[in-house]
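Protein sequence lines correspond, in order, to chains A, B, C and D.
If you're matching positions, the first sequence starts at 2 in this note's numbering and goes up one per residue.
If you're matching positions, the second sequence starts at 2 in this note's numbering and goes up one per residue.
If you're matching positions, the third sequence starts at 2 in this note's numbering and goes up one per residue.
If you're matching positions, the fourth sequence starts at 2 in this note's numbering and goes up one per residue.
4 protein chains.
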Amino acid sequence: MNGPTDGTSDHADAKDRPDRLRCDAARNRERVLAAALEVYREHGPAFTMEEVAARAGVGIGTVYRRFPTKTALLEAIALPFFERMLSQVREAAENSEPAEAAEVLIRLVAERHAADGVRTGRLWGSALSHPVRARIGPEVEALLAAARAAGTLRPDITYEDVSVLLWTLTSLIDATNDVSPNIWRRYLELALDGLRPSPANSTSPASRDDWLRLVSASPVLTLG
Amino acid sequence: MNGPTDGTSDHADAKDRPDRLRCDAARNRERVLAAALEVYREHGPAFTMEEVAARAGVGIGTVYRRFPTKTALLEAIALPFFERMLSQVREAAENSEPAEAAEVLIRLVAERHAADGVRTGRLWGSALSHPVRARIGPEVEALLAAARAAGTLRPDITYEDVSVLLWTLTSLIDATNDVSPNIWRRYLELALDGLRPSPANSTSPASRDDWLRLVSASPVLTLG
Amino acid sequence: MNGPTDGTSDHADAKDRPDRLRCDAARNRERVLAAALEVYREHGPAFTMEEVAARAGVGIGTVYRRFPTKTALLEAIALPFFERMLSQVREAAENSEPAEAAEVLIRLVAERHAADGVRTGRLWGSALSHPVRARIGPEVEALLAAARAAGTLRPDITYEDVSVLLWTLTSLIDATNDVSPNIWRRYLELALDGLRPSPANSTSPASRDDWLRLVSASPVLTLG
Amino acid sequence: MNGPTDGTSDHADAKDRPDRLRCDAARNRERVLAAALEVYREHGPAFTMEEVAARAGVGIGTVYRRFPTKTALLEAIALPFFERMLSQVREAAENSEPAEAAEVLIRLVAERHAADGVRTGRLWGSALSHPVRARIGPEVEALLAAARAAGTLRPDITYEDVSVLLWTLTSLIDATNDVSPNIWRRYLELALDGLRPSPANSTSPASRDDWLRLVSASPVLTLG
DNA sequence: CATGAATGAGTTTTCATTCAT
DNA sequence: GATGAATGAAAACTCATTCAT
Numbered sequence: 002m003n004g005p006t007d008g009t010s011d012h013a014d015a016k017d018r019p020d021r022l023r024c025d026a027a028r029n030r031e032r033v034l035a036a037a038l039e040v041y042r043e044h045g046p047a048f049t050m051e052e053v054a055a056r057a058g059v060g061i062g063t064v065y066r067r068f069p070t071k072t073a074l075l076e077a078i079a080l081p082f083f084e085r086m087l088s089q090v091r092e093a094a095e096n097s098e099p100a101e102a103a104e105v106l107i108r109l110v111a112e113r114h115a116a117d118g119v120r121t122g123r124l125w126g127s128a129l130s131h132p133v134r135a136r137i138g139p140e141v142e143a144l145l146a147a148a149r150a151a152g153t154l155r156p157d158i159t160y161e162d163v164s165v166l167l168w169t170l171t172s173l174i175d176a177t178n179d180v181s182p183n184i185w186r187r188y189l190e191l192a193l194d195g196l197r198p199s200p201a202n203s204t205s206p207a208s209r210d211d212w213l214r215l216v217s218a219s220p221v222l223t224l225g
Numbered sequence: 002m003n004g005p006t007d008g009t010s011d012h013a014d015a016k017d018r019p020d021r022l023r024c025d026a027a028r029n030r031e032r033v034l035a036a037a038l039e040v041y042r043e044h045g046p047a048f049t050m051e052e053v054a055a056r057a058g059v060g061i062g063t064v065y066r067r068f069p070t071k072t073a074l075l076e077a078i079a080l081p082f083f084e085r086m087l088s089q090v091r092e093a094a095e096n097s098e099p100a101e102a103a104e105v106l107i108r109l110v111a112e113r114h115a116a117d118g119v120r121t122g123r124l125w126g127s128a129l130s131h132p133v134r135a136r137i138g139p140e141v142e143a144l145l146a147a148a149r150a151a152g153t154l155r156p157d158i159t160y161e162d163v164s165v166l167l168w169t170l171t172s173l174i175d176a177t178n179d180v181s182p183n184i185w186r187r188y189l190e191l192a193l194d195g196l197r198p199s200p201a202n203s204t205s206p207a208s209r210d211d212w213l214r215l216v217s218a219s220p221v222l223t224l225g
Numbered sequence: 002m003n004g005p006t007d008g009t010s011d012h013a014d015a016k017d018r019p020d021r022l023r024c025d026a027a028r029n030r031e032r033v034l035a036a037a038l039e040v041y042r043e044h045g046p047a048f049t050m051e052e053v054a055a056r057a058g059v060g061i062g063t064v065y066r067r068f069p070t071k072t073a074l075l076e077a078i079a080l081p082f083f084e085r086m087l088s089q090v091r092e093a094a095e096n097s098e099p100a101e102a103a104e105v106l107i108r109l110v111a112e113r114h115a116a117d118g119v120r121t122g123r124l125w126g127s128a129l130s131h132p133v134r135a136r137i138g139p140e141v142e143a144l145l146a147a148a149r150a151a152g153t154l155r156p157d158i159t160y161e162d163v164s165v166l167l168w169t170l171t172s173l174i175d176a177t178n179d180v181s182p183n184i185w186r187r188y189l190e191l192a193l194d195g196l197r198p199s200p201a202n203s204t205s206p207a208s209r210d211d212w213l214r215l216v217s218a219s220p221v222l223t224l225g
Numbered sequence: 002m003n004g005p006t007d008g009t010s011d012h013a014d015a016k017d018r019p020d021r022l023r024c025d026a027a028r029n030r031e032r033v034l035a036a037a038l039e040v041y042r043e044h045g046p047a048f049t050m051e052e053v054a055a056r057a058g059v060g061i062g063t064v065y066r067r068f069p070t071k072t073a074l075l076e077a078i079a080l081p082f083f084e085r086m087l088s089q090v091r092e093a094a095e096n097s098e099p100a101e102a103a104e105v106l107i108r109l110v111a112e113r114h115a116a117d118g119v120r121t122g123r124l125w126g127s128a129l130s131h132p133v134r135a136r137i138g139p140e141v142e143a144l145l146a147a148a149r150a151a152g153t154l155r156p157d158i159t160y161e162d163v164s165v166l167l168w169t170l171t172s173l174i175d176a177t178n179d180v181s182p183n184i185w186r187r188y189l190e191l192a193l194d195g196l197r198p199s200p201a202n203s204t205s206p207a208s209r210d211d212w213l214r215l216v217s218a219s220p221v222l223t224l225g
């Protein structure tokens, strides 16, 4: 279109402004992702690709260009969830006494999850191995160590226990948030009670083997 | 028909057991139900009616004759689950000290659920209102009262808390049984720890309102 | 086979009380037919054989024993319609002046059809060749002849014309009876007007050929 | 590629007519519609969506993309019928003396309906409210007024009467066209006779109420 | 004979995915 | 790259008809 005799004018355009397209593409990706989150919030994983496309204001072909599969799209929906998890860990570490940070984290995760309304709990299953996920574990571990040192956490509670606790908690929130949006709080307190030190606790942590098998399998329930 | 060795024994049989037909039908019903449980075990609620029919060795029309709807079939799958729950409550009550019965019940439910392998946890949601379900609640309540009296249970722990705990536990078992069939045990211990009395416990139970809303809603997570 | 020690005792029974069975069978037939008329009234030809059986209080096998096919049942439903037609012809002939009988007949048929509420119009199509049907034609013809002689009917109006008129009329009643149960009356008057003599009428009747083809074909629209 | 005689004319075409895609789609739509009309002609409304797809040479999904429901497809089949009706009204108005136009219209509708062979009569019932339908009424009314003024139509004949007459006529044609494709002509003449003025006519038109109920109900039998 | 259980082809409709434009 | 038309494999459910009891 810029060359007078050029037939493949689209291509020529692409060459002239290479980032223009990339920019548009990125914008489209974001719009699709936002739309997907929206429909996921409404229908859960039963949403339709066409619905996502319509909500994003793009053609369905565009959705498939960015996310070659519905599964891929679901994973992309799940990613920010882990990003948020990491930021919550840091928020807990920064804004609270070390003795409190572990408990604060758990409360934070639950509270935000309930407030958000997206049943992302179901998304944990995506076999997602993103760098961000790997970083969560150690930082949570640090929180727990501090709490243990401060004597506010049962010494035998491991990072894995907390992972499972958070999965359980978010599952419960997902399952009850619609009809009884506060009932999880009671359960949260019970669980936190279980984490506090007391003379009677002597259970031994889950076997390392069991845990590794769980982590390596898909779907996984683990944090990082 | 007149001689005892008469060849037309079918007729004689028909007379002897006038519900022969119903008997065959009942047998088919069982086969369908068994097949359904089997495919549910494999695919979860996403199973196909046709698959059930094939597995049962009957036509698809037969499946629909017994269970006019996929939902009806799902409920039929769920029913024995609640029946088993009730029998487990009684088993716990009969075979253990009152002080221990509550804990025994929880262990029993979890253990059997894990052994069974069917992800019946997902079935709690069926809006099933069968007499059997109504009977579970009071009997569990009795167990808890005894444990409370014996001082082996935190006094503020209600029947509702136990309901949610069991739902959580079975969900966890469902989610991990394939890959890490023992990890739920650790979590069970943690949860049981949380139920034991200790100086620090002072959380108040979930509000009656919240609970009623949850119970009346469908899907429900409650025991009875 | 007829020996006293015969195993096929049913047969023996049948022999002992031959009309007993026949009597029961006839009763069943009637019940099925009545039920079929009932469901036809409600659902039109879209009714279900099972519904008929249930309404009749018999098993579906019994329905099929009496009417080997849904079509056969439909035809059986249609039969009394023709019987009634014949009786209406006679009623018209007996209770009115010859000059009026033709018009009376048409009014009678329409009125009863509307009052009955069964959309039997759709049933004319059954390729029903019952003796009763053959008798209708000549008797109607006689009525028309009398009316022609009395000068109250256009001389070129044939029995066939009346047949088609009645088909048309009942179809209209069927189609409008639910929502506008009187509108057919206006149309009836228009049609009757068209049958009365007037200077201008000179159309020639339908060709005999056309008519015969129609009569011999199925579905047919003719009276007898 | 850029030369005017280039073989890859599609691309060039695509540029020239940017609605090429829509054009193809439209072509497919027409093919589906034509196929639907064809199968409707053969089986009536009992046709199968799959049959339509096969006949149109497209996948069944394509049929559903254009007509999201079988009902929608039926309505689409019915639409041209009404369009044709309107054009016939105009044709009658333009090509004949005002005194004759009403009769010409009725003859035209019947003749074309018979020639077409599609039993569209059954389609009048579709609760179709398309602009075209609204325009038919007034134009027919005008024809009737002219005929009334010219003394060729009974003064009490209303637009509604003609509507019902045409419904009746097309129903008759539908019912007889296969086996006796001319018999409706006789009936047409009888009906037309009924419309002509004569000293004896004094029936009053259908009550306005009855008519309105009929028009507002669905399925409707009315023209516009 | 009566029963009703069994059958399975057939129907409408949905939706992830591909591909021509 | 974007678009949305096309695809067709399922899936849930229906119902006329057969046949064992």
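Quick reminder that beta carbons are idealized off the backbone N, C-alpha and C, glycines included.
Kindly indicate if chain B contains any beta-carbon less than 8 Å away from that of residue i.
i                 : result
Arg1 of chain A   : No answer is possible for residue 1 of chain A: the residues shown for chain A start at 2 and end at 225.
Thr171 of chain A : no
Ala151 of chain A : no
Within this structure, are the beta carbons of residue i and residue j separated by less than 8 Å?
i                 : j                 : result
Val59 of chain C  : Val40 of chain C  : no
Val133 of chain D : Phe82 of chain D  : no
Ala94 of chain D  : Leu145 of chain D : no
Ile158 of chain C : Leu196 of chain C : yes
Phe173 of chain B : Thr169 of chain A : Phe is not the amino acid found at residue 173 of chain B; the sequence shown has Leu there. Yes, Cβ-Cβ distance for Leu173 of chain B and Thr169 of chain A is below 8 Å.
Ala115 of chain D : Pro182 of chain D : yes
Leu80 of chain B  : His44 of chain B  : no
Chain D beta carbons: is any one of them nearer than 8 Å to that of residue i?
i                 : result
Val165 of chain C : yes
Arg187 of chain C : yes
Gly195 of chain C : yes
Rank the options by C-alpha distance to the C-alpha of residue i and give the top, closest one.
i                 : options                               : result
Ala148 of chain B : B:Glu98, B:Met50, B:Glu92, B:Met86    : B:Glu98
Met86 of chain A  : A:Gly152, A:Ala100, A:Gly138          : A:Gly138
Val90 of chain A  : A:Arg108, A:Leu74, A:Ile184, A:Ala73  : A:Arg108
Ile184 of chain A : A:Ala111, A:Leu196, A:Pro156          : A:Ala111
Lys71 of chain B  : B:Pro46, B:Ala57, B:Leu80             : B:Pro46
Arg32 of chain B  : B:Val64, B:Phe48, B:Glu51             : B:Val64
Leu193 of chain C : C:Arg155, C:Ser88, C:Glu76            : C:Arg155
Met50 of chain B  : B:Ala26, B:Leu75, B:Ala27, B:Asp175   : B:Leu75
Gly152 of chain A : A:Pro198, A:Glu142, A:Thr171, A:Ile61 : A:Pro198
Going along the chain, which residues of its own chain have a beta-carbon closer than 6 Å to the beta-carbon of residue i, five neighbours each way excluded?
i                : result
Arg30 of chain C : Arg67
Ala55 of chain B : none
With a threshold of 8 Å between beta carbons, is residue i in contact with chain A?
i                 : result
Asp175 of chain B : no
Between residue i and chain C, is any beta-carbon pair separated by less than 8 Å?
i                 : result
Leu154 of chain D : no
Gly45 of chain D  : no
Leu145 of chain D : no
Asp162 of chain D : yes
Leu87 of chain D  : no
Ala116 of chain D : no
In its own chain, which residues sit with a C-beta less than 7 Å from the C-beta of residue i, not counting the 5 before and 5 after it?
i                 : result
Leu38 of chain C  : Ile78, Val119
Ala36 of chain D  : Val53, Arg56, Ala57
Thr177 of chain D : Ile184, Trp185
Excluding the 5 residues flanking residue i on each side, which residues of the same chain have their C-beta closer than 8 Å to its C-beta?
i                 : result
Val42 of chain B  : Here residue 42 of chain B is Arg; the residue named in the question, Val, does not match the sequence. The residues are Gly118, Val119, Arg120.
Ala150 of chain B : Pro99
Worksheet item: Is the segment 151–168 of chain B touching the segment 177–190 of chain A, taking contact as three or more C-beta pairs under 8 Å?
Response: yes
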